[in-house]
Each structure stands twice: as C-alpha cells, then as structure tokens.
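Undergrad: Sharing a structure with you now.
Residue numbers (this note's numbering): -15 to 115.
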C-alpha cells in the first residue's frame, strides 16, 4: 500500500492529512495506507485502504509510517462497514438486511458488536489466539 506517491495535476485546494497545511492546486501528494477504520463509500474491494493527502513526500512518508504502526483490526473494519450502512437508514435494519447490505455474515456482525463493547478477543492481531 505504500507505493509510489501520486502528485495531482490540478483541482481544488486540499489540506495535508499530517500538518493540516493548505495545499495549492496541483501540489498535493497522495498515497494509500492500510486502515481498518475505513470502509470505502462505493467499492468494497477498497475497504481498509485509505487514500491520504500530504503537502510533501516527507509528510506522506510519515503518514504511511504511522499507519503501518497502527494495528489492522478486522472487527474495526466490520464496524466501519456496519456504520456506513446504518448512516443510510433512518430506521433500524433487521439482521438479514444488515447482512445483505454490509456483505458480512451473522458471526462477523456479532464479532463487530463484541469488539465495539470491548468484549472478547479480536479475530486477528494481539489477543487473537487468547481466550
């Protein structure tokens, strides 16, 4: 995910995700990082892959370093997918509807709920083999 940075050609002013500096059109540097808190708004194949924007290559490298050090927790990604679906609905959804719209199964929904509540070990990462 830490591939070559992409420098944009032009477009609206952006802000650096590290220092929050305003970036002139055409000067932003973009890269992708693994982030279990990110559910892509349209493409589920991109879930967990967040695009970041920086004012320079050094800030992009620092952002990528920070995300590499952050654990990727599968349940957190599932929670992000659930949250995304729930935000589109003003009333609650049945488990069947939630399964259909998130692409998760009932066991994954339950694991995501346990993770939110801080109950039980994660599917992967620290503590996954405990319990």
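Positions of the beta carbon are idealized from the N, C-alpha and C atoms, including for glycine.
These figures come from a predicted structure and were not determined experimentally.
Given a cut-off of 8 Å, decide if residue 1 and residue 57 are closer than it, judged by their beta-carbon atoms.
TA: Your numbering for residue 57 matches position 73 in the chain shown. Your numbering for residue 1 matches position 17 in the chain shown. Their beta carbons are not under 8 Å apart, which means residue 57 does not touch residue 1 by this criterion.
Undergrad: Can you tell me where the beta strand (DSSP E) holding residue 13 begins and where it ends?
TA: Position 29 of the chain shown, counted from the start, is the residue given in the question as residue 13. Its beta strand (DSSP E) spans residues 13 to 18.
Undergrad: Starting from the C-beta of residue 99, find all residues in its chain whose C-beta is less than 8 Å away, skip the five residues before and the five after it, and write them out in chain order.
TA: Taking the first residue of the chain shown as 1, we reach residue 99 at position 115. Only 57, 59, 60, 62, 63 and 106 meet the Cβ criterion.
Undergrad: State the Cα-Cα distance for the pair residue 38 and residue -1, rounded to the nearest angstrom.
TA: For the purposes of this step, residue 38 is taken as the residue at position 54 of the chain shown. For the purposes of this step, residue -1 is taken as the residue at position 15 of the chain shown. Each residue's alpha carbon lies about 7 Å from the other.
Undergrad: Report the rounded CA-to-CA distance for residue 10 versus residue 3, giving the unit in angstroms.
TA: To locate residue 10, count along the chain shown from 1; it is residue 26. To locate residue 3, count along the chain shown from 1; it is residue 19. Rounded to whole angstroms, residue 10 to residue 3 spans 18 Å at the Cα level.
Undergrad: DSSP on residue 115, reduced to helix/strand/coil?
TA: Stepping through the chain shown from its first residue, residue 115 is reached at position 131. Only weak support exists for where residue 115 lies, its pLDDT of 37 falling under 50; the coordinates are left without a value.
Undergrad: Distance, Cα to Cα, residue 92 vs residue 32?
TA: As a first step, residue 92 must be located in the chain shown, where it is residue number 108. As a first step, residue 32 must be located in the chain shown, where it is residue number 48. Their backbone Cα atoms lie some 16 Å apart in a straight line.
Undergrad: Taking only three categories from DSSP, how would you classify residue 89?
TA: For the purposes of this step, residue 89 is taken as the residue at position 105 of the chain shown. If DSSP states are grouped into helix, strand and coil, residue 89 belongs with coil.
Undergrad: Take residue 67 and list the residues in its own chain whose beta-carbon comes closer than 6 Å to its own, dropping the five residues that flank it on each side.
TA: If you number the chain shown from 1, residue 67 lands on position 83. Excluding sequence neighbours, residue 67 sits near nothing in its chain.
Undergrad: What does residue 66 pair with, by DSSP beta-bridge criteria?
TA: Residue 66 sits at position 82 when you count from the first residue of the chain shown. DSSP, once it has assigned bridges, lists no residue as partnering residue 66.
Undergrad: Does the ligand NAD have a heavy atom nearer than 7 Å to the CB of residue 94?
TA: As far as ligands go, the structure on display features none, and thus does not contain the ligand NAD.
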